[in-house]
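*Asks:* Position 191 of the sequence shown, counting from 1, maps to 233 under the numbering used here, and the rest follow consecutively. All C-beta atoms, glycine included, are put in the ideal place defined by N, C-alpha and C. Here the structure is a predicted model, which is why all the values come from computation and not from measurement.
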Amino acid sequence: MILRMSTLFVRTLRDDPNDAEVPSHRLLVRAGYIRRVAPGLYTWLPLGLRVLRKVEQIVRDEMDAIGAHEMLFPALLPKEPYEASNRWTDYGDSIFRIKDRKGNDYLLGPTHEEMFTLVVKDLYSSYKDLPLSIYQIQTKYRDEARPRAGILRGREFVMKDSYSFDVDDAGLDVSYQKHRDAYIRIFDKLGFEYVIVKATSGAMGGSKSEEFLAKAEVGEDTYVRCTHCDYAANVEAVTVRAPDAVSYDDAPAAHAEDTPATPTIDTLVEHLNAAYPRDDRPWAAGDTLKNVLVVLKHPDGTREPLAIGLPGDREVDQKRLEGQLEPIEVEAMDEAELAKHPALVKGYIGPEALGEDSADNGGSGIRYLVDPRVVEGTRWVTGANVPGSHVIDLVAGRDFMPDGTIEAAEIRDGDDCPNCTDGMLESARGIEMGHIFQLGRLYADALGLKVLDENGKLVTVTMGSYGVGPSRAVAAIAEGTLDEIGLAWPRNVAPVDVHIVAAGKDDAIFAAASALAEELSARGIEVLYDDRTGKVSPGVKFKDAELIGVPTIVTVGRGLADGTVEVRDRASGERVEVAVKDAAAHLVELVRA
Ligand code: ATP
Ligand code: MG
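Printed below as a string of structure tokens:
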């Protein structure tokens, strides 16, 4: 196969697109791989489509290898199955909804658990039919709140989604493990530096789940790893180890004190150290209990206030909070909303005015959840619900009783590992490339997927769901391999194997370059041949080759007089002169290595 630059549908650009936020996006547009149509919607140009198809094929091969069967659902789907699972509502603004000419509701599928469950229900009825794994490589639609970085977060994107069906939990474990192993092979082949982390299951429901994250500074996910054990988790999924309850027998009674003009933690700590110094050590932000008010936006549109109590040295991490509450979205409580609760004094809010039962004593009645570190017996300085006043020695479990706990506080480098006693957490950023879930019986229950077991009894099937994003992977691979001069594809996903540049004006150069292209093609090598003549200088051709990023660049030019061509490794920059007569064999060996 030979693509000739003179006729290929590609236009490389010297300037960066002005909406490009990350290097891979910039270069994929400049090198002529993708074109933007609208926010989060991109056209795959010939070079880009070739990379996408190669990534898809790697995924397909590994799915086939674990005995999963490929099929294909429509993207346009009826509402009813998604109503049965509640996701028509739970997905909120994130799904594209459509009406047909008769006024019936449809959606563009964001993921297909419901459809796969129903097709198995439709066709299978016995435990003998299971286990089963089926998958598709298909276009998904999500009205993402923040489409970003080109194809990294699109509103239309490609996903491989597979689903496993088993009669019992042990079967699900096996199916899950097979997919996990397949994913490891996929990401090894794609050449990612990646980590497998514990994840939250979000709107999917279900229990066990793990994410595959490509390590990348531009990633939107933060994960942590333990310095000592093998614990790794998306920060959203970290569960802080709650300390043991402490005795409060000798704790003094809580006492309210004047703390004028101390609406922030810093001003409060400064005031405490000046006016009420401790004997043992200075007061610190971590001694205070900060109460943060937010509003929960439920998918059906209802709004609910929530108060979160956490040590004053930590902020609320919005992603962690939303990770616990999905599909609910969280907003900060604004002044107008705060004003609706006269019991709350801004800057001096304390537990007494919070909690579902507090309304009985003139409090706000707002649900009050605290950080897991706020265990029974811990002593706090916190708002007294009076302007310019705080309570000291307020003891959890004695003086206040929260409605429960929530994992909303930021995780910091150096925090204790939740899994071992010796390690600390370290954070880094990544791009979510794949996500595997043990769904359990959630969807099968909602949609009535049962089979007869060995004893002729109807049992609900247990499921797993496994996603990989090939279109996102194209961007992530580009991001992980590019350099200052352009893209630099790994060999197995590059749009072609070899980029031949005819550098010069002589017919002999073009004749030799063309002959090499033909010979390589005949030997099964994919070639991009820059055969442009006229005004296109060698300099322009080299720049384009560097930008496009085919792993091997062959220059047929000046050396031809001495019977050589230059073979350059795009990634390392290494160059070797090879005799013209040996060039094809040399290149075939390189590509096949
Ligand atoms: P994210 O947290 O990044 O939004 P997600 O948790 O919504 O991802 P899943 O629903 O688990 O993602 O989808 C499976 C895979 O599909 C993801 O691992 C990712 O590779 C891909 N994917 C999800 N959303 C997008 C998107 N908007 N654009 C491109 N790929 C996506
Ligand atoms: Mg998402």
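Are there any heavy atoms of the ligand ATP lying less than 7 angstroms away from the beta-carbon of residue 196, as far as the coordinates show?
*Replies:* Because some heavy atom of the ligand ATP lies under 7 angstroms away, the Cβ of residue 196 counts as near it: yes.
*Asks:* Would you tell me roughly how many angstroms separate the C-alpha atoms of residue 477 and residue 605, rounded to the nearest one?
*Replies:* Cα to Cα, residue 477 sits roughly 52 angstroms from residue 605.
*Asks:* Suppose you measure from the CA of residue 172 to the CA of residue 496; what does that come to, to the nearest Å?
*Replies:* Residue 172 and residue 496: Cα-Cα distance of roughly 12 angstroms.
*Asks:* Counting only beta-carbon atoms, is residue 384 nearer than 8 angstroms to chain B?
*Replies:* The question asks about chain B, but that chain is absent: this structure has only one protein chain.
*Asks:* Does DSSP classify residue 105 as helix, strand or coil?
*Replies:* DSSP places residue 105 in helix when its eight states are reduced to three.
*Asks:* With DSSP as the reference, label residue 600 as helix, strand or coil.
*Replies:* Helix at residue 600.
*Asks:* So does residue 239 have its beta carbon nearer than 7 angstroms to some heavy atom of the ligand ATP?
*Replies:* No, since every heavy atom of the ligand ATP falls outside the 7 angstroms radius drawn around the Cβ of residue 239.
*Asks:* Just to check my reading of the structure: residue 36 and residue 530 have Cβ atoms closer than 8 angstroms, yes? What is that Cβ distance to the nearest angstrom?
*Replies:* An answer regarding residue 36 cannot be provided, because it is not within the stretch 43 to 635 covered by the chain.
*Asks:* If you check the beta carbons only, do residue 339 and residue 394 fall under 8 angstroms apart?
*Replies:* No, these two residues do not count as a Cβ contact at 8 angstroms.
*Asks:* Restricting to runs no shorter than 3 residues, where is the beta strand (DSSP E) found entirely within the segment 243-298?
*Replies:* With a minimum length of 3 residues, the continuous beta strand (DSSP E) runs that stay inside the segment 243-298 are 251-257, 263-268 and 274-276.
*Asks:* Where do the ends of the alpha helix (DSSP H) carrying residue 467 lie?
*Replies:* Per DSSP, residue 467 belongs to no alpha helix (DSSP H); it is in the beta strand (DSSP E), 467-482.
*Asks:* DSSP has residue 621 in a bridge; who is on the other side?
*Replies:* BP columns for residue 621 point to 606.
*Asks:* Please report the straight-line C-alpha distance between residue 134 and residue 209, rounded to a whole angstrom.
*Replies:* Between residue 134 and residue 209, the C-alpha separation is close to 32 angstroms.
*Asks:* Between which two residues does the alpha helix (DSSP H) holding residue 123 run?
*Replies:* Run containing residue 123: 122-126, per the alpha helix (DSSP H) assignment.
*Asks:* Just to confirm before moving on: does the CB-CB distance between residue 235 and residue 177 stay below 8 angstroms?
*Replies:* No, the Cβ-Cβ distance between residue 235 and residue 177 is not below 8 angstroms.
*Asks:* Assign residue 525 to one of three DSSP states: helix, strand, or coil.
*Replies:* In the structure shown, residue 525 sits in a strand (DSSP, three-state: E or B).
*Asks:* Within 7 angstroms: the Cβ of residue 153 and any heavy atom of the ligand ATP?
*Replies:* Flag set: Cβ of residue 153 near the ligand ATP.
*Asks:* Do you know how far the Cα of residue 187 is from the Cα of residue 60?
*Replies:* Using only the alpha carbons, I get a separation of about 20 angstroms.
*Asks:* What are the start and end residues of the alpha helix (DSSP H) that includes residue 377?
*Replies:* 377-381 is the extent of the alpha helix (DSSP H) around residue 377.
*Asks:* Counting only the same chain and skipping the five closest in sequence on each side, list residues whose C-beta sits under 7 angstroms from that of residue 53.
*Replies:* These residues qualify, in order along the chain: 74.
*Asks:* For a test of your reading of the model: does the CB of residue 511 fall under 7 angstroms from any non-hydrogen atom of the ligand ATP? Yes or no.
*Replies:* Checking every heavy atom of the ligand ATP against the Cβ of residue 511, one is found closer than 7 angstroms.
*Asks:* So, with DSSP's three-state summary, where would you put residue 67?
*Replies:* Correct three-state label for residue 67: helix.
*Asks:* With a CB to CB cut of under 7 angstroms and the five nearest residues on each side skipped, what residues in its chain are close to residue 58?
*Replies:* Cβ neighbours of residue 58 beyond the five flanking positions: 68 and 72.
*Asks:* Just to confirm the assignment, what range does the alpha helix (DSSP H) spanning residue 315 have?
*Replies:* Residue 315 -> alpha helix (DSSP H) spans 307-317.
*Asks:* Tell me whether residue 476, by its Cβ, gets closer than 7 angstroms to a heavy atom of the ligand ATP.
*Replies:* Result yes, Cβ under 7 angstroms from the ligand ATP.
*Asks:* Taking all protein chains shown into account, decide if residue 537 is buried (16 or more other Cβ within 10 angstroms of its Cβ) or exposed.
*Replies:* The residue is buried, with at least 16 neighbouring Cβ atoms inside 10 Å.
*Asks:* Would you say residue 253 and residue 241 are within 8 angstroms of each other, going by their C-beta atoms?
*Replies:* The answer is yes: Cβ separation under 8 angstroms.
*Asks:* Cβ of residue 179 within 8 angstroms of Cβ of residue 93?
*Replies:* No.
*Asks:* Can you grab the Cα-Cα spacing for the pair residue 404 / residue 382, in whole Å?
*Replies:* Roughly 14 angstroms between the two C-alpha positions.
*Asks:* Leaving out five residues before and five after residue 396 in sequence, what residues of the same chain have Cβ atoms less than 7 angstroms from its Cβ?
*Replies:* The residues are 333, 349, 405, 406, 408 and 410.
*Asks:* Under DSSP, the beta strand (DSSP E) around residue 374 begins and ends at which residues?
*Replies:* Where residue 374 is concerned, the enclosing beta strand (DSSP E) stretches over 371-374.
*Asks:* If contacts are defined as beta-carbon pairs under 8 angstroms, then residue 205 and residue 505 qualify, I think. What distance do you get, rounded to the angstrom?
*Replies:* About 6 angstroms separates the two Cβ atoms, so the contact holds.
*Asks:* If I follow the unbroken beta strand (DSSP E) through residue 46, where does it start and stop?
*Replies:* Its beta strand (DSSP E) spans residues 44-46.
*Asks:* Just the Cα atoms here: how many angstroms apart are residue 571 and residue 45?
*Replies:* Spanning the two alpha carbons is a distance of roughly 6 angstroms.
*Asks:* Measuring only the C-alpha atoms, how far is residue 583 from residue 543?
*Replies:* Going by the C-alpha atoms only, they are around 7 angstroms apart.
*Asks:* Roughly how many angstroms separate the alpha carbons of residue 271 and residue 579, rounded to a whole number?
*Replies:* C-alpha separation (whole angstroms): 56 angstroms.
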